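Working notes for the structure below.
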């Protein structure tokens, strides 16, 4: 069973996330933070959208390897070294999300951080998925 996404009308309409996600699955997958590393361990992409696409792709690859799919994501946290730049690309990032993960949004947060593990990284994404 897929997580149930709840968006109360008493709250501001969510854009790119769900206010609450209820899960009833039997297996929880905790996904490590993924940056824009390629298979050789190099950061790829010079722009935030390019790195976001690679990071999300890496997260989804790890999830598929654990037996899940994008619709099983219950919670995602995005860490970025530049929140204003992230916001300025919000529409493009949403299109990337739709293409890779579909239109079912997990509960989500975007956090500004001073730095990420890889100095060239602009964004990192981690998450929790619940599988049936």
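In the working numbering, the protein residues as written are 6 to 137. Just so it is clear, CB atoms sit at the ideal spot from N, CA and C, and this is done for glycine as well. Nothing here was measured: the structure is a model prediction, and the numbers come from that model.
For residue i, which residues in the same chain have their Cβ closer than 6 Å to its Cβ, ignoring the five residues on either side in sequence?
i	result
residue 107	75
residue 9	27
residue 38	129 and 131
residue 88	117
Since residue i and residue j are thought to touch, with beta carbons under 8 Å apart, how far apart are those beta carbons, to the nearest angstrom?
i	j	result
residue 128	residue 60	5 Å
residue 44	residue 110	Wrong, their Cβ atoms sit about 28 Å apart, outside the cutoff.
residue 105	residue 65	6 Å
residue 46	residue 136	So it is not a contact: roughly 28 Å between Cβ atoms.
Using 8 Å as the threshold, is the C-beta distance between residue i and residue j below it?
i	j	result
residue 134	residue 78	yes
Could you check if residue i is buried or exposed, using at least 16 other CB atoms within 10 Å of its CB as the buried criterion?
i	result
residue 112	buried
residue 35	exposed
residue 120	exposed
residue 94	buried
residue 15	exposed
residue 122	exposed
In chain order, what residues of the same chain lie with their CB nearer than 8 Å to the CB of residue i, ignoring the 5 residues before and after it?
i	result
residue 56	40, 41, 48, 49, 50, 126, 127 and 128
Using a Cβ-Cβ cutoff of less than 7 Å, which residues in the same chain neighbour residue i once the five nearest sequence positions on both sides are dropped?
i	result
residue 25	11 and 112
**Report entry** alpha helix (DSSP H) segments (min. 4 residues) lying fully within the segment 35–83
**Finding:** 53–70
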